[in-house]
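Taking it in order: structure first as structure tokens, then the write-up.
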Amino acid sequence: MAIFDFMDNKLRNGIALSIIPQFILVQWLASHPEWVETYYSRGLYPIISRFFRFLFGWIPFSIGEIIYTFLIVLALHYLIKKRRKIQARPLPFLRNVAVVLAVFYFTFHLVWGLNYYRQPIAIRMSIPESFVEPEIMSLTQQLIRKTNEIQFKITADSSAAVRVPYDRNEIFDKTVDGYAKLDKNLPFLEYQRPSIKKSMFSTLSSYLGIGGYLNPFTNEAQVNKLMPIFRFPVISGHEIGHQVGYSAENETNFIGYLVTLKNEDPYFQYSAYAYAVSHCLSAIHRTNPMGFERLYAGLNEGTKKNYQELRDFQEKYDNPIEQVFESVFSTFLKANNQKDGIQSYSRVVNLMVGYHKRNPISVGTAPIQGPGSETPPLNGARSFFGEAQRNPR
5 MAIFDFMDNK LRNGIALSII PQFILVQWLA SHPEWVETYY SRGLYPIISR FFRFLFGWIP
65 FSIGEIIYTF LIVLALHYLI KKRRKIQARP LPFLRNVAVV LAVFYFTFHL VWGLNYYRQP
125 IAIRMSIPES FVEPEIMSLT QQLIRKTNEI QFKITADSSA AVRVPYDRNE IFDKTVDGYA
185 KLDKNLPFLE YQRPSIKKSM FSTLSSYLGI GGYLNPFTNE AQVNKLMPIF RFPVISGHEI
245 GHQVGYSAEN ETNFIGYLVT LKNEDPYFQY SAYAYAVSHC LSAIHRTNPM GFERLYAGLN
305 EGTKKNYQEL RDFQEKYDNP IEQVFESVFS TFLKANNQKD GIQSYSRVVN LMVGYHKRNP
365 ISVGTAPIQG PGSETPPLNG ARSFFGEAQR NPR
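Each residue of the sequence shown is one higher than the one before, counting from 5 in the working numbering.
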């Protein structure tokens, strides 16, 4: 790339080697989450994020995705144009790659990435994260009853799938309104200068199993516009959770659930409860398949049809490359303080159990399917519920 022509060798070497002290500094900060919380996540980061959202939030399309496209095209052009030079002198090329990585590493952590090392939200909200199986079974029963209650309230027919009457932009607006109400009780989730958009790469995202992602360099939240719309509110809330400064996937899953749950709109509440049920049932299925089948049989047929939408969506875009991407992204998460990798998404159940211990679910009476309801054949918990919401950074 032309920018390298303006750097002398000493400068290139210095930038390339800077990745070593950068890595040491980040690892040191990882052992001091209270410092990251105080000086970065609650100090510098809110200023940076509001600036970028002010800069790009008013634009209806993603500037970050345009930048990504431009950089990919530029890199490919460079590789093609310089291919003979690269083959003849590979070491200078590798040094240039190290320069790019060092700049990327520094910028990523400055504008967003250090949030991976902040104090957990469970500490901030005083939520116990440990649970035993009877507790999750009990919560799942409550969630199923509440899901059935709202499904029947909306449709007046326990066998009818819920059809959300809003378009995706209206869901964005309602999600932002939900954050405005949520931050009255949880001010650390304050969200100013909205910047949430439909991804221009939604088809590619679908093939990679991505429901949404945050561009850390522009602080734009992108949501896959092809996702089934009844799941769209929770995904939107999840991505904004990244914008307000939480990086861990279990935490943003929980924030997305919470902001959608607290929305006064019944369609949003249904989205939240159906989302929680799917995660809890997936957790139960891993250790207690019989218990899973008993609980799943209690869901109204209408909700099962909504889950079928998710399965159909996943099967439509299923491909071998998704598994490769999933492995790469899991490695990325492990490198950024999420030791469970992609499995960290499912740890949202711990937060849900702890939260609802202190905030019990109010359950009315709604028609519930009998124990004889047919359960479709299982093919893994994620496949069963059509969970496709991984969020690369």
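All C-beta atoms, glycine included, are put in the ideal place defined by N, C-alpha and C.
DSSP links G216 through a beta bridge to V227. Within the DSSP secondary-structure output, I200 pairs in a beta bridge with A225. In this structure, A225 sits near S199, with a CB-CB distance shorter than 8 Å. Annotation: the continuous alpha helix (DSSP H) that includes Q91 extends over R87 to A92. Our two residues, S130 and P124, have alpha carbons roughly 10 Å apart in a direct line. Beta-carbon to beta-carbon, I259 and G241 are separated by about 7 Å, close enough to satisfy the 8 Å threshold. Contact between N304 and F156 holds, with the beta-carbon distance rounding to 7 Å and staying under 8 Å.
Shortest Cα-Cα distance from V166 to any of R16, Y277, F135 and Y271 involves Y271. Between the segment 101-120 and the segment 241-253 there are three or more C-beta pairs closer than 8 Å, enough to call the two in contact.
For the pair of segments examined, the segment 79-95 was found not to touch the segment 224-239: the number of CB pairs separated by less than 8 Å stays below three. A residue is called buried when at least 16 other Cβ atoms come within 10 angstroms of its Cβ; M294 does not meet this threshold and is exposed. Taking V357 as reference, the option from N173, Q91, F55 and A126 with the minimal CA-CA separation is A126. In this structure, DSSP gives N173 a helical state, which the three-state scheme calls helix. The beta carbon of L218 is closer than 8 Å to those of W116, E224, A225, Q226, E243, H246, Q247, N395 and R397 in its chain, skipping five residues each way along the sequence.
Within the model, the alpha-carbon separation for T42 versus Q91 is close to 48 Å. Leaving aside the five residues that flank T264 on each side, the residues in its chain whose CB is nearer than 6 Å to its CB run, in chain order, P237, V238, G241, F272, S275 and A276. Secondary structure within the segment 16-43: the alpha helix (DSSP H) runs of 4 or more consecutive residues, fully enclosed, are 23-34 (chain order). Here the alpha carbons of G68 and F55 stand approximately 15 Å from one another. Per DSSP, A164 lies in no alpha helix (DSSP H) segment and is marked neither H nor E. A distance below 7 Å between beta-carbons, with the five flanking residues on each side excluded, links N267 to the following residues of its chain, in chain order: K178, G182 and Q273. In the displayed model, L190 falls within coil according to three-state DSSP, outside both helix and strand.
Taking one beta carbon from each stretch, the segment 188-197 and the segment 46-66 have 3 or more pairs nearer than 8 Å; the two touch. By the Cβ-count criterion, F176 is buried, with 16 or more other Cβ atoms from all chains shown falling within 10 Å of its own Cβ.
Within 10 angstroms of the beta-carbon of P220 lie 16 or more other beta-carbons, which makes it buried.
DSSP places Q273 in the uninterrupted alpha helix (DSSP H) bounded by P270 to T291. Counted as a single uninterrupted DSSP element, the alpha helix (DSSP H) harbouring N310 occupies residues E305 to Y321. E38 counts as exposed, since fewer than 16 other beta carbons sit within 10 angstroms of its beta carbon. V281 is a Cβ neighbour of I148, given a cutoff of 8 Å. Straight-line spacing of the CA atoms in N152 and L21 works out to 58 Å.
For V104, the closest C-alpha among the options Y321, I19, L355 and Y72 is that of I19. If you compare the alpha carbons of F65, P50, F108 and R88 with that of L75, the shortest gap goes to F108. Around the beta carbon of L48, fewer than 16 other beta carbons lie within 10 angstroms, which makes this residue exposed.
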